[in-house]
Amino acid sequence: MNAMRTAASLEAYPQLLHFIVEQARQHAVPDAFFLRLELACEELLINIVNHAYPDVEGEVEVVCFVQEDEQGKSFNVRIRDWGAPFNPLEKKTSAVSDLDDSQIGGLGILLVKQMTDSVYYTRDNGSNVVTITFYLAE
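Below you can see the structure in the form of structure tokens.
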């Protein structure tokens, strides 16, 4: 497992995304996955930058790893922040067909759910941890 921990800031965001992409390349993730990977990670990271630490500076940690289970080989990204408890999966998501009538918020997590094969949240030792999974076709 390879990790990067840095300030949760807009300035650090490009470095985090670059780290994730490089980890995916090192693990031979097929090019077809990169758009979905980048979009899902961007949504999660920007939400942390914008919302996890409203009044203080904080950090974000990204861990990338490959694992194998009964569904096959997967590339996983675990994103951790130490902000207030927040499970984005509990946020009510809007249907895209209701876009004109929807409230702000909720569409980003819908995007993450659609772009990944699975998304999982846990609160661990005072931190929010979201893990996204992409199953790699052999």
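In terms of our numbering, the sequence shown is numbered consecutively and its last residue is 141.
We treat Cβ as the ideally placed atom computed from N, Cα and C, and that holds for glycine.
What three-state label does DSSP hand residue i in the structure shown?
i, result
"glutamine 74", "coil"
"glutamate 60", "coil"
"phenylalanine 37", "helix"
"valine 52", "helix"
"phenylalanine 89", "coil"
"methionine 118", "helix"
"valine 80", "strand"
Going by the CB atoms, is the gap between residue j and residue i shorter than 7 Å?
i, j, result
"tyrosine 123", "asparagine 90", "no"
"arginine 39", "glutamate 64", "no"
"alanine 11", "isoleucine 51", "yes"
"phenylalanine 137", "phenylalanine 78", "yes"
"valine 66", "alanine 15", "no"
"threonine 119", "alanine 35", "no"
"glutamate 142", "valine 115", "Nothing can be reported for residue 142: it is not among the residues displayed for the chain, which extend from 4 to 141."
Note down, in chain order, each residue of its chain lying with its Cβ closer than 8 Å to the Cβ of residue i, except the 5 sequence neighbours on either side.
i, result
"valine 132", "Arg81, Ile82, Arg83, Tyr124, Thr125, Arg126"
"histidine 54", "Gly86, Phe89"
"leucine 20", "Glu41, Cys44, Glu45, Leu48"
Out of the options, state which residue places its alpha-carbon closest to the alpha-carbon of residue i.
i, options, result
"alanine 87", "Asp58, Leu114, Asn79", "Asp58"
"proline 17", "Lys116, Asn128, Glu73, Glu41", "Glu41"
"leucine 139", "Arg8, His21, Ala27", "Ala27"
"threonine 9", "Asn128, Phe137, Leu92, Trp85", "Trp85"
"serine 130", "Phe37, Met4, Gly61, Asp72", "Gly61"
"glutamate 71", "His30, His21, Glu25, Asn53", "His30"
Near residue i, what residues of its chain come up, given a Cβ to Cβ distance below 7 Å and the 5 sequence neighbours on each side ignored?
i, result
"aspartate 101", "Only weak support exists for where aspartate 101 lies, its pLDDT of 49 falling under 50; the coordinates are left without a value."
"tyrosine 56", "Ala11, Gly86"
"glutamine 74", "Tyr138"
"leucine 92", "Ile112, Val122, Tyr124"
"phenylalanine 22", "Met7, Val65"
Starting from the C-beta of residue i, find all residues in its chain whose C-beta is less than 6 Å away, skip the five residues before and the five after it, and write them out in chain order.
i, result
"lysine 76", "Leu139"
"serine 121", "Thr136"
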